[in-house]
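Structure, as structure tokens:
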Amino acid sequence: MIALKSNESVTPASAFHVPIGAASPLWFMFTGAASAGVAYWWMTRWMRPMNLEAMLPLSGADAAPLEEAAILIEAFVEPLLEAAQPVLEGGVVDPDPAPTPAPEPAPNPLDTPPAQAAAQTVVEAVAPMTEAAEPAALTPKAKPKAAPKA
Numbered sequence: 003m004i005a006l007k008s009n010e011s012v013t014p015a016s017a018f019h020v021p022i023g024a025a026s027p028l029w030f031m032f033t034g035a036a037s038a039g040v041a042y043w044w045m046t047r048w049m050r051p052m053n054l055e056a057m058l059p060l061s062g063a064d065a066a067p068l069e070e071a072a073i074l075i076e077a078f079v080e081p082l083l084e085a086a087q088p089v090l091e092g093g094v095v096d097p098d099p100a101p102t103p104a105p106e107p108a109p110n111p112l113d114t115p116p117a118q119a120a121a122q123t124v125v126e127a128v129a130p131m132t133e134a135a136e137p138a139a140l141t142p143k144a145k146p147k148a149a150p151k152a
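Numbering-wise (the numbering used here), the sequence shown opens with residue 3 and increments by one.
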């Protein structure tokens, strides 16, 4: 660095200046930003889901399992078609069956008040017990009399 003497002053015309252009150190920052942008763009293109195997032609080794699977499916479906053939040809299926009545819906427990629902539940639970109980078992037993004192 050049040291100034005490009697010298710096004028703008004589000051050292850096030419901006091809020698600018900012070009490295511009290059880095552009490289990051291009890398991001390629990353978004490469990260798209794509079935590359569907674009490639099938080789002989890849086609063999497909042929085996087609044979297995055919062997499974043919007996089903043979079993359904009489039904389809003979008209066994009734095109307009008689309508079956819909089952009666169960009562909604939310329609009854809670106290009434609880009382109904208790009555339903106790009713079979009272019918099965013997009337003699419900009467109190007489207490045995004490022996006379002598």
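All residues carry an ideal CB built from backbone N, CA and C; glycine is no exception.
Query	Result
Straight-line gap, Ala-38 to Glu-76 (C-alpha atoms, nearest Å)	55 angstroms
Simplified DSSP state of Arg-47, which is helix, strand or coil	helix
N- and C-terminal bounds of the alpha helix (DSSP H) containing Ala-56	54-57
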